Amino acid sequence: MRPGRILIFLLAVVLTLFILSLLTIRLQPDESLIRHFEESVLADSSITGIHGERQESGGVDDPESYAAGSGTTAAKEQSGADVHAFVRPDDGESPSLEILTGPGAMTDSRVPPEENAAGSGQMPDYLPPDASSRSLYPGDMVRDSVARNRQVRIVYYGDSQVEGDRVTSRLRKELRESGGGTGPGMISPVMPVMYTRSFVVRSSSNWKRYTLLDYRNGTLPHNRLGPMLALCRFTPPGDSMKTRSFATVKINSVPGADSAVSRYDNLRIFYGNNHDTVLIGIRSGDALVDFAMLQMGEGPMEYAIPLPQVSDVIIEFTGRNSPDIYALSLESETGVVVDNIPVRGSAGLEFVMTDIRGFEGCYDSLRPDIIFLHFGLNVVRNVRSEYHYYEEGLVKQVNWLKEASGGAPVVLVSVTDMALRDNDTIRHFPNIRAIRDAQRKAAERSGALFWDAWESMGGAGSIHRWYNHRPPLSSRDLTHLSNAGTDTLAARLYSDLLAVRQFGSTDTPAETADSNEAGTDAGDSPVSSEADDSLAATDRPAGSDDLTSTGEEITADREDVPGMEENIFSRLVSQFSSLLKYHPDQTFIFTTPGFWIFFLVVIAGFAMLHRRRAMCHTWLLAVSLYFYYRAGGLFIILLLLTTLLTWFTAIMTDRSGGRGGKRFWMISNIILLLGFLSYFKYAGFFTETINSLFHTSFVARDIFSVWSNSLFGTNFNVTNIILPVGISFFTFQALSYSIDVYRGRMAAERNFTDFAFYLTFFPQLVAGPIVRASEFMPQMRGDYTISRNEFGHGLFLIVQGLIKKMLISDFISTGFIDRVFDAPAIYSGFENLMAVYGYGLQIYCDFSGYTDIAIGVALLMGFRLPLNFNSPYKAVNVSDFWRRWHISLSRWLKDYLYIPLGGNRKGTLRTGFNLMVTMLLGGLWHGAATRFVVWGGLHGVALVAEKIWHYLFRRIERKRRLASVAGIILTFNFVSFAWIFFRAGTMDQAGVMISQIFSTFSPGHYGQVLMAYLPVIVLIVSGYILHFLPVTVKEAYRGLFIKMPVVVQFLVAVAVALLLHKVGAGVVQPFIYFRF
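Basically my numbering = 1-based index in the sequence shown + 1219.
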């Protein structure tokens, strides 16, 4: 098939995809941010907890359900006439704090008006001179209540941002410095997360958590939920078991938590609907603290017992019919109690949907002093131009909570900044400001105090700076803050709202004692004095200065802002001009329209020059170098240096007459190339390892950044060595060529252009397959030929690779897997196991998808690259797996490492040693981290065990079919388990994930989990079904596509482009193996 015809075919497909991309950016800027997340948002809305329970989101897409109560009498809204201006109580020093004055001002309606006006009617000596003109300041309330030797209770509701006692753990610690108090506050028998920063909850498997979702689907006969917006039972609602059920809840402190939160002085249990005999036993260690029978009745009721200052407690329930357990609370009688109540997937609009009697009954006993509402993350992905419905809903929630609590003050904490990773570009949501404004207006109308967390972070784009900070203040998902980030936010909230003010001073409360002093530079980035588990309060970066902690400028994505329109022509010009520049925040990959425009140009040049071999190779070399420049920037110099050194040393090796000379040039090249690889990839890892082992303080420095800073006055971070894209791949390819020349398997290539073309050929340059010169260079010397079937095969591989990457890998990654691996403690064991199996499919589809596209692109130019994957999860043992997975790397390790070490020729012990060395180095090749070494070590141990097994039982006859099936199942599960270490961010995260898998399963509730993640689960199951199809079936549908007429193939390609455009355009991610 002639290149001109291929060019015409590709031109039609590429233009279709490119034009659709431009039209979507112009016409639907908001929806392009979140299209792919529609299903995942629904999953978050009813996501499961430890025992598989689903929690209600409140239905973000249903504004009417938010604006109206459900069977309750919400407090009446204030009219627009009652809305008053915002003022700052302390000369406007704090940009995040806004307090209302006038009829809508925040007050504590539970105390006489004269006390509200002054902040306290009991202790006038503590009041500032103008207190009578000020609104209620929460810090004053805490101070005065503590001075009266009474308990101060702060109830903190939030979405997943506060899960695991985040934010509240720091607030609690700060408040107790002066206010005292013990215990973590309210806890549910079934928590959304088992492990928190302050305590661990381990419940027997018969506990079940019920939320509004269970009331709506008829599982729960009523909506009388307690203050945690949920209730727990150890028997199903309405059922009386024939025999008594036994249920336990064990709560113990977490190592490293502060001593006050780890001391339990009193236990309170809030419950209702108890119509049978239920016995309760309280234990601590081996000691029995109390044994009693719970009071019968509708409730809510309370059981309370003092504890002997313990750090663990076991609560045992026995009965045929479980009561509704609203909350357990570990607290002190006096001092400060801060309750952490996360409602995962919530927008904060569910309160009015519950029966108010459940809250009123519990709040009468709890007597909350301040109620915090910290929501908004789950609203951001519902991109709109205005959020009046959300404002209306929040007003009703605040008024409802005031009514239920007897008038407790309410504080609205705004949404925090978040962003979306799109093709390695950080895309900021343009609607966060509108959501923040809706929250502020709701506070104004309802008389709540408003604290602007978004502004405190630095406003638009601040999440990027927080993520780039060291240690990171944001999680990798750019949605949730890290522990250090929530500590920073909590310290600022405490300083603005809850710190005790100096009497007679009008200044905003100072930062906490361990904080850095406030700076004056608007561009200050968040600064941490400690690691994640303790971060000082810091200065706020101004929202207008988008500077990272390394001084890198962040440019706002103006195309995402509604109303900023450009015509198609200007966008077209902008796109083409952008193709000529290196963009460090973008990756030039197969799944972007930009690459296919580039490939169109490549094919056009190839079609004109393919009959002139020298010019054709020069053209392909030039475009390959341009491709790497777009992918790796100035690291193109390293690629050229590697190419030049390998070409020169190979020629010298070939020319050397004696063995000594050949070895000298070969070893010289190996030392140089491995030196480059070791410096860029492993310098930091080895430095950290040495420091850890010998307690030294060495620092790895980027010498190129040092030179640039010295010579050109730049300001690069010299302690951050950047990894060049694809260095592991082109280094191994260059080494194989050098070694083959030394072994005499091929002659050295004298033509530098031809050799450079081989080493830099763009389809396989940055992520494989690793191509050997002996397989590729002979193709360079022949005439260009491609048959009609080969064209169909190449096109099929491209379409298949795009589907694998964009439709399967990216979707299950962003929709589920990344969330679980980034925060495994938040999810149940079953969810963690689903993520492990899902990641096996994700990495296979990601990597094999890339190589499919690479092989297909090369084939359209007449070059045949080696097969890199062959249904690896069909492997019957680990050896078979490595014959099917990343075949080009496996061959390289075997031929250039394992066999030179001795292979299996020097006895069993030496064979085992050689296998372990090979796999440990193979693991290290994938990444400079302990977890990669562990991953390689696990595979090495499995290979050694397999050798021992075959040696001991090689004479035993086996039923082949049964043995093969058992081998496939065993190998698949082993490989999946090993992926945990490969994917986890740290060894600690891997440990948490394994612990969750083996300790937090809840038999009987898997169905709810599966329904919550139904789109992702369907895709994972479908992907594995396709993977395990017989080879004959796969060959059949591939052959069918190859034999289709060109017109039909064009229609299929366009249809796939449209599908990928609809499903995956908003969440294109870089290929996993780009990092290697």
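For glycine and all other residues, C-beta sits at the position ideal for the given N, C-alpha and C. Owing to the predicted nature of the structure, the values given are computational and were not obtained by experimental measurement.
Quiz item: Is it the case that the Cβ atoms of His1593 and Val1381 are separated by a distance below 8 angstroms?
Solution: Taking 8 angstroms as the Cβ cut-off, His1593 and Val1381 qualify as a contacting pair.
Quiz prompt | With 16 other Cβ atoms within 10 Å as the buried cut-off, status of Trp1422 | solution = Before going on, a small fix: residue 1422 reads as Ser here, not Trp. So Ser1422 counts as buried.
Practice problem: Kindly list the residues whose CB is nearer than 6 angstroms to the CB of Tyr1582, restricted to its own chain and excluding five residues on each side of it in sequence; keep chain order. | Solution: Spatial neighbours of Tyr1582 in its own chain (CB-CB distance under 6 angstroms, excluding positions within 5 residues in sequence) are listed in chain order as Ala1623 and Ser1624.
Quiz item: Under 8 angstroms, do Thr2374 and Phe2100 count as touching if we go by C-beta distance?
Solution: No statement about residue 2374 is possible, as the shown extent of the chain runs from 1220 to 2295 and does not include it.
Quiz prompt | Inter-residue spacing [alpha-carbon to alpha-carbon] between Met1360 and Leu1668 | solution = Computed Cα separation, rounded: 14 angstroms.
Quiz item: Can you give the Cα-Cα distance for Phe1948 and Ser1924, rounded to whole angstroms?
Solution: C-alpha separation (whole angstroms): 24 angstroms.
Quiz item: Alpha carbon to alpha carbon, what distance is there between Met1447 and Pro1411?
Solution: Roughly 11 angstroms between the two C-alpha positions.
Quiz item: Relative to the C-alpha of Val1680, which residue among Gly1402, Leu1697, Gly2131 and Leu1596 is closest?
Solution: Note on residue identity: the sequence assigns Gly, not Val, to residue 1680. When only C-alpha atoms are compared, the closest one is Leu1697.
Practice problem: Count the other C-beta atoms from every protein chain shown that fall within 10 angstroms of the C-beta of Gln1528, then say buried if there are 16 or more, exposed otherwise. | Solution: Classification for Gln1528: exposed.
Exercise. Determine, using beta carbons only, whether Ile1501 and Leu1486 come nearer to each other than 8 angstroms.
Key: A Cβ-Cβ contact shorter than 8 angstroms links Ile1501 with Leu1486.
Self-check item: Start and end residues, alpha helix (DSSP H) containing Ala2251
Solution: Contrary to the premise, residue 2251 reads as Thr rather than Ala in this sequence. Counting along the chain, the unbroken alpha helix (DSSP H) around Thr2251 starts and ends at Val2250 to Lys2262.
Quiz item: Which full runs of the alpha helix (DSSP H) of 4+ residues lie inside the segment 1586-1665, going along the chain?
Solution: Complete alpha helix (DSSP H) runs here, min 4: 1596-1599, 1607-1624 and 1651-1665.
Quiz item: Any idea which residues DSSP pairs His1952 with across the strands?
Solution: At residue 1952 the sequence reads Gln, which differs from the His that was named. For Gln1952, DSSP assigns no beta-bridge partner whatsoever.
Quiz item: In the structure shown, what three-state DSSP assignment does Trp2101 receive?
Solution: Correct three-state label for Trp2101: helix.
Quiz item: By the 10 Å Cβ neighbour count, where 16 or more other Cβ atoms means buried, how is Ser1916 classified, buried or exposed?
Solution: Counting Cβ neighbours within 10 Å, Ser1916 comes out exposed, since fewer than 16 surround it.
Quiz prompt | CA nearest to the CA of Ser1604, picked from Trp1619, Arg1563, Pro1649 and Leu1568 | solution = Considering only alpha carbons, the answer is Pro1649.
Quiz item: Using 8 angstroms as the Cβ pair cut-off and three pairs as the minimum, do the segment 2211-2218 and the segment 2151-2162 touch?
Solution: The segment 2211-2218, when compared against the segment 2151-2162, does not touch it at the 8 angstroms Cβ threshold.
Quiz item: Mind checking whether Gly2068 and Lys2023 have CB atoms under 8 angstroms apart?
Solution: Result yes, Cβ atoms of Gly2068 and Lys2023 sit closer than 8 angstroms.
Exercise. May I have the straight-line CA-CA distance separating Gly1612 from Lys1900, to the nearest angstrom?
Key: Between the C-alpha atoms of Gly1612 and Lys1900 there is a straight-line separation of about 52 angstroms.
Quiz prompt | First and last residue of the uninterrupted beta strand (DSSP E) at Ile1533 | solution = Annotation for Ile1533: the continuous beta strand (DSSP E) segment containing it runs Asp1531 to Gly1538.
Quiz item: Looking only at C-alpha atoms, which of Arg1600, Arg2083 and Trp1426 sits nearest to Ser1993?
Solution: For the residues Arg1600, Arg2083 and Trp1426, the minimum Cα distance to Ser1993 belongs to Arg2083.
Quiz prompt | Sub-8 angstroms separation of Ala1201 and Tyr1609 beta-carbons | solution = Any answer about residue 1201 is impossible in this case: the structure gives the chain only from 1220 up to 2295.
Exercise. Please list, in chain order, all residues of the same chain as Leu1394 whose beta carbon is under 8 angstroms from its beta carbon, the five residues on each side excluded.
Key: Cβ neighbours of Leu1394 beyond the five flanking positions: Val1361, Val1371, Ile1373, Gly1400, Val1555, Val1557, Tyr1713 and Leu1717.
Quiz prompt | Alpha-carbon spacing of Gly1441 relative to Gly1383, whole angstroms | solution = The sequence as given places His at residue 1441; Gly does not occur at that position. When rounded, the distance between both Cα atoms is 28 angstroms.
Quiz item: Taking just the CA atoms, how far does Ile1470 sit from Ala1703?
Solution: The straight-line gap from Cα to Cα measures roughly 25 angstroms.
Quiz item: Touch check for the segment 1980-1993 and the segment 2102-2119: three-plus C-beta pairs under 8 angstroms?
Solution: Using a Cβ-Cβ distance cut-off of 8 angstroms, the segment 1980-1993 and the segment 2102-2119 are in contact, since at least three pairs of beta carbons, one from each stretch, lie closer than that value.
Self-check item: Same chain, Cβ closer than 7 angstroms to Ala1850, neighbours up to 5 away in sequence not counted
Solution: Here the set comprises Thr1806, Phe1807, Val1944 and Val1985.
Quiz item: Grouping DSSP H, G and I as helix and E and B as strand, with all else coil, what is Leu1486?
Solution: Strand at Leu1486.
Quiz prompt | Rounded C-alpha distance that separates Pro1222 from Met1996 | solution = When only Cα atoms are considered, Pro1222 and Met1996 end up about 21 angstroms apart.
Practice problem: Keeping to the same chain, check which residues put their C-beta closer than 6 angstroms to that of Leu2120; ignore five residues upstream and five downstream. | Solution: Taken in chain order, the residues that qualify are Asn2133.
Quiz item: Buried or exposed: which applies to Ser1596, given that a residue is buried once 16 or more other Cβ atoms fall within 10 Å of its Cβ?
Solution: For the sequence presented, residue 1596 should be read as Leu rather than Ser. Buried, because 16 or more other Cβ atoms sit within 10 Å of the Cβ of Leu1596.
Exercise. Output yes or no for whether 8 angstroms exceeds the beta carbon distance between Gly2141 and Leu2162.
Key: Between Gly2141 and Leu2162, the gap from beta carbon to beta carbon reaches 8 angstroms or more.
Quiz item: How big is the Cα-Cα spacing for Ser1957 and Lys1881?
Solution: Rounded to whole angstroms, Ser1957 to Lys1881 spans 10 angstroms at the Cα level.
Quiz item: Roughly how many whole angstroms lie between the Cα atoms of Ile1534 and Tyr1429?
Solution: Ile1534 and Tyr1429: Cα-Cα distance of roughly 20 angstroms.
Quiz item: With a cut-off of 8 angstroms, does the C-beta of Ile2167 fall near any C-beta of chain C?
Solution: Any reference to chain C falls outside this structure, which holds one protein chain only.
Exercise. Assuming Thr2149 and Met2230 form a contact by the criterion Cβ under 8 angstroms, report the distance between their Cβ atoms to the nearest whole angstrom.
Key: The Cβ separation is near 38 angstroms, so there is no contact.
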